[in-house]
Every structure is written in structure tokens, then in C-alpha cells.
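Only one structure is covered here, and it is reproduced in the block below.
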Amino acid sequence: MKEGSKTKKKLKVPPAFALLVIMIFIAVLASWLLPAGQFDRVVNDAGKSLVVPGSYHTVDRNPASIWDGFTAIPKGLINSATIIFAVFLIGGSFKIIESTGILQSVLGGVSKVFRGKEMLMIPIVMICLSVMCSFIGLLELSMVVIPIMIPVCLALGMDSMTAVAIPLISTAAGFACGVANPFTVVIAQGIAELPLYSGSAFRAICLVIITAIGVWYVIRYAAKIRKSPESSIMFERDKELRIEYGVGEVVEFTTRRKLGLAAFIIGFIVIIIGAMKFSWALVEISTVFIIIALACSVLTGMSLEDICGNFSKGLASFSSAALVSGFAAAITLILSNANVIDTIINAVANLVAALPSSIAAVGMLIVQFLFNFIVPSGSGQALISMPIMIPLSDIIGVTRQTAIIAYQFGDGLSNILWPTLGYLWVCIGAAKIKYEEWVKFIGPLILIWYVVCAILLVVAQGIGLA
């Protein structure tokens, strides 16, 4: 290197596991710096543990040690067993389905249907997923849809970032603006003692606006990639994915594959009906996927040896994404054991209380956005924050309905941003997208969304939404 020359060093984000381990030990440090405190809790008629407003009090400190930081990792994996094993089962099952050649043989037909109107696929899929998630509140549906979207998007001249963005953005929009989301609306309105599904007309308007912005954002990006494929950061990795998914291969659509496709479609319909009518979650969805994989493999004549071999390959390809969710859970576990989560929510609630009523709802939005980092669960967040925010909204003059919408926005949209959400790692990992790449892609949309949400909350408060 010549004397006097300067090299510009690019800030590198650590790999997923390293990043989460760093965050785990930041949580350990926080357990020493923050005072310990708790709210009293009562069990309601539904058996849910609710916070008692105004009952915050300090408790004995229980800071985490370095040892606690390390043991939180296996404990987090145990706590996340449902999502981890669901990911393994879905990943293994999908590898079997993929190996039957069913999807590859259908891709040619899909390409013909959307030839010359490729962008039409994006709003069709996104609107369907958004509306569905608005009623069933199942964000994890993205994990099932993404392996299907990857070969479809690659066949239509888009990239795998588009394939991941379509389901993640649409389900987040639907979840955040849930008209009848059982994990947010039902629980929050029960706590607020509001009529069930009241305010649904306003939330439906929000759903249209937030989903439309998401659709515009994805179409804008996809059009850019179709025009200049080399501009995609996924360009080289997509070459590997094209080979892995058999994109571009001519696979004969035999009678056996037609029967396999019928089994796949029926199985997917069963999953949707189960989620909407019977509140199915990951256990039931992964069970159906195993059945779909076996049906497809038998109908297409796959040998027992190939079934087992492909299942093992699927487990291996999804192992990192599955285990990352357990590492993410360790962060919340440390903060919870140290009794500082209630301290954080009490402190931010006091900050909101100091705001004028005209913008206090926006303050609630920010609080819920930040709180979702340490409690990455819509229902869990409702049970902790809503018993505090509802009485607070009465005091500062924010309508209870507006407070609930602020909670929905703050929780729902940040689900595709915060690294403590295990399912997010699974979704981006399916396309080998690095976390920092995803944040760079999704960051502008998150900012736009929250500005629009702030405006919608001011409108809700202005019209006295009840």
C-alpha cells in the first residue's frame, strides 16, 4: 500500500449467530444497569395473566451473570421448540415436494399465465395474504409461502428478495391492521372492555392504505430488478437458487405429477381452512406439510430411500434458520429473569403520560414499536402493555380504540424488522439473505409505514374513534 493512501473500511455486521450472541450479552449488561421492578398481576376469567395498572414496584435485583448469558441460549432453544421443530419439519417436507419435480413442471405454466404482465402477480398474492392475515393473524404463514414464491419470482425475472418481501410485507400489513386478528384485536379489546371487533371499519381503511403502500414498494423494487438483474444483491446467490429449485428446467408434467400437484393444492387449502376456522398454528401446519410431502412422494413414485434422503437434506438446509430463533428468544429470557421488562414499560409509559393528548397516540405507537423488541409476541405484548396503556389513555384523553390501534401498528409492522422475531430469521434464511441486507431493503418501507401510521392515529384521535 502506498504511503498516505487511505482505505475506506466498510462496517461489517456480524453473522446471525454472532449478532444475537452480542445482543444476548448486551441484555446481560442491561440486567445490571436497569433497576428491577414488577407490576402486580391478576388472572382474568379467560385464565390470562394481566398487569395491574399503577402497581409497579421495585423488587430484589436479579442481574444475569456471564454464565446466565450462555445458559440462556439452550434455554431459549427449548422455549422456541415449537417454531424450531416446525421449521425443520416444513423444511424437510418441502425438500421432498421440491424433489418430485411438481413445482418445476408447473413453473412453465405460471410463466405463460403471467407473460407480459409479471407485475400483476405481486398485488394478487399480497392482497390475498394481507386480508387472510388480517383475520387469522398467522404471521408464520410466510414460512410456508416463501419456498413457493422463490422459484415463481425467479421464473418471472425477479429476485429472491422479492420472493421474501411479498409474503413478509403483506402478512405484516394484515397483522398490524387486523380487522379481526385473534392475537391482537380480540385480546386488546377484551382488556379495554370494548365491543368485540368495534372500530373494524377504520381498521379496514388502514388495512387498504398500509397494504397498498407495501404493494407499491415491492412492485417498484421488482420492476427495477427486472430491468437490471445485476443490480440485485441477490444476483449471484440467485444463480444457486435457480439450480436448487430447478428454475428454467423443462420438467414433464406427467399424470403422476398432476396427481401430486392436486395433493399439494388440497393440502394447502386444508392449512388455510384450519388456520381460519380452527385457529391452527405451527404444530398443525407442520403436521399437514408432512402428510402433503408423503402424499406427493407416493403419487409421483419416489422411492423410500429418496424420500428419507431428501427429508434429511431439507433438515440440513433449514437448520441455521431454525436454531437462530432460539438464540433470539434468549434475549427476552434474560431480560425477563432479571425483572427489567416491567421497568422498561413503566418508564416509557411515564414518558407518554407527559405528552399532550393530540400526539400521545403517536407516543404510544413508538412505545409499542420499541417494546416489540423485548416481547416479540402480539398476544404477550397485549397482556403486558394494554392494561397499562388503556388506563393511561383515559387519563391523557386518548380514546381506547385509538390506543389499541397504536398497539397494533407498533407491534405488527415491526415484526419484519426486529432480530428477536424468530420467524423472521427463518424467512430471510430460506433465500440466504443476510439480516443487514434485509434491514437495508425494508428500512425505508418501515419508515414510510410509521409516518403514515402516525397520521392515521392523529386522524383516529381527531374523530374520537370509539
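The opening position of the sequence shown corresponds to residue 546 in the working numbering, with each subsequent residue numbered one higher.
Where a beta carbon is used, it is the ideal one built from N, C-alpha and C, also for glycine.
Below 8 Å CB to CB, which residues in the same chain sit around residue i once its five sequence neighbours on both sides are set aside?
i: ILE835; result: LEU634, SER638
i: GLU548; result: Reliability of the predicted coordinates at GLU548 is poor, the pLDDT of 44 falling under 50, and no value is obtained from them.
i: THR944; result: SER938, ALA1005, GLN1006, GLY1009, LEU1010, ALA1011
i: MET821; result: MET677, PHE680, ILE681
i: ALA999; result: VAL907, LEU910
i: ILE693; result: LEU648
Here's the rule I'm using: 16 or more other beta-carbon atoms within 10 Å means buried, otherwise exposed. How should residue i be labelled?
i: ALA746; result: exposed
i: VAL604; result: exposed
i: TRP577; result: exposed
i: VAL690; result: buried
i: CYS501; result: This structure cannot settle anything about residue 501, because the visible part of the chain is limited to 546 through 1011.
i: MET546; result: Legend: pLDDT at MET546 = 41, less than 50; position of this residue unreliable, value from coordinates given subsequently. Per the 10 Å Cβ criterion, exposed.
i: ILE587; result: The amino acid at residue 587 is misidentified as Ile; the sequence shows Val. Exposed, since its Cβ has fewer than 16 Cβ neighbours within 10 Å.
i: GLY654; result: exposed
i: GLU643; result: buried
i: LYS640; result: buried
i: GLY957; result: buried
i: LEU1002; result: buried
i: ASN589; result: exposed
i: SER610; result: exposed
i: SER857; result: exposed
i: TRP612; result: exposed
i: LEU849; result: exposed
i: ALA626; result: exposed
i: SER870; result: buried
i: SER650; result: buried
i: LYS551; result: Low confidence applies to LYS551: its pLDDT is 47, below 50, so where it sits in the model is not reliable enough to give any reading.
i: PRO696; result: buried
i: PRO619; result: exposed
i: GLY1012; result: Nothing about residue 1012 can be reported from this structure: the residues present for the chain run from 546 to 1011 only.
i: ALA948; result: buried
i: THR729; result: buried
i: SER959; result: buried
i: GLY661; result: exposed
Since residue i sits in a beta bridge, which residues does DSSP pair it with?
i: GLN583; result: HIS602
i: SER594; result: VAL588
Ignore the nearest five residues each way along the sequence and tell me which others in residue i's own chain have a CB closer than 7 Å to its CB.
i: ILE770; result: MET703, ASP704, THR707, SER776, SER777
i: LEU701; result: SER656, PHE659, GLU663, MET666
i: ASN624; result: ALA874, LEU878
i: ASN891; result: GLY582, TYR601
i: VAL897; result: ALA905, GLY908, MET909, VAL912, LEU937
i: ALA767; result: MET664, ILE667, MET703, THR707
i: PRO580; result: THR603, THR888
i: ALA867; result: ILE629, VAL632, PHE633, VAL971
i: ILE614; result: In the sequence as displayed, the identity of residue 614 is Gly instead of Ile. Once the five neighbours on either side are set aside, the close Cβ partners of GLY614 are ILE569, PHE570, VAL573, ILE879.
i: PHE809; result: ILE642, ILE647, ILE837, CYS841
i: ASP585; result: VAL597, SER600
i: GLU982; result: ILE778
i: ALA951; result: ALA906, MET909, LEU910, GLN913, LEU1002
What does a CB cutoff of less than 6 Å around residue i pick up in its chain, not counting 5 residues either side in sequence?
i: MET666; result: PHE659
i: ALA631; result: LEU827, SER831
i: ILE1036; result: Since the first residue of the chain shown is 546 and the last is 1011, residue 1036 is not available in this structure.
i: LEU752; result: SER679, CYS722
i: VAL893; result: VAL912
i: ALA563; result: none
i: LYS553; result: Reliability of the predicted coordinates at LYS553 is poor, the pLDDT of 49 falling under 50, and the value obtained from them is presented with this limitation in mind. Closer than 6 Å at the Cβ level, and outside the excluded window around LYS553, lies no residue.
i: GLY942; result: SER902
i: ILE817; result: none
i: ASP749; result: Looking at the sequence shown, residue 749 is not Asp but Ala. For ALA749, where only same-chain residues beyond five positions count, the Cβ hits under 6 Å are VAL724.
i: ILE755; result: ALA718, CYS722
> Within the chosen definition, does the segment 930-940 reach the segment 585-603 through at least 3 CB pairs nearer than 8 Å?
Replying inline: Touching, yes, given that three or more Cβ pairs across the two stretches are closer than 8 Å.
> What are the uninterrupted segments assigned as alpha helix (DSSP H) that are 4 or more residues long and contained completely in the segment 618-667, given in chain order?
Replying inline: 626-644, 647-658
> Mind pulling the alpha helix (DSSP H) runs of 4 or more residues that sit fully within the segment 911-963?
Replying inline: 923-941, 945-958
> In chain order, which continuous runs of the alpha helix (DSSP H) of length 4 or greater are located wholly inside the segment 702-753?
Replying inline: 705-721, 730-737
>> Pairs of beta-carbons, one from the segment 870-886 and one from the segment 660-673, closer than 8 Å: are there three or more?
In response: no
> Using 8 Å as the Cβ pair cut-off and three pairs as the minimum, do the segment 901-911 and the segment 869-877 touch?
Replying inline: no
> Is the segment 837-844 close to the segment 800-816, with three or more CB pairs under 8 Å?
Replying inline: yes
> Are at least three pairs of beta-carbons, each pair with one atom in the segment 965-974 and one in the segment 680-698, less than 8 Å apart?
Replying inline: Below 8 Å, enough C-beta pairs join the segment 965-974 and the segment 680-698 to call them touching: three or more.
>> Using 8 Å as the cut-off, can you tell me whether the segment 710-725 makes contact with the segment 755-768, which would need three or more C-beta pairs spanning the two stretches below that distance?
In response: Three or more beta-carbon pairs separated by less than 8 Å link the segment 710-725 to the segment 755-768, which places the two stretches in contact.
>> With three or more beta-carbon pairs closer than 8 Å as the criterion, would you say the segment 557-575 touches the segment 848-862?
In response: Here the segment 557-575 makes no contact with the segment 848-862; the two share fewer than three CB pairs at distances below 8 Å.
>> Which complete alpha helix (DSSP H) runs does the segment 680-705 hold, if anything under 4 residues is left out?
In response: Entirely contained in the segment 680-705, the alpha helix (DSSP H) runs reaching 4 residues are, in chain order, 686-700.
> Using 8 Å as the threshold, is the segment 787-801 in touch with the segment 724-740, meaning 3 or more CB pairs across them?
Replying inline: No, they do not touch.
>> What ranges does the alpha helix (DSSP H) occupy inside the segment 776-842, keeping only unbroken runs of at least 4 residues that lie completely in it?
In response: 780-790, 800-822
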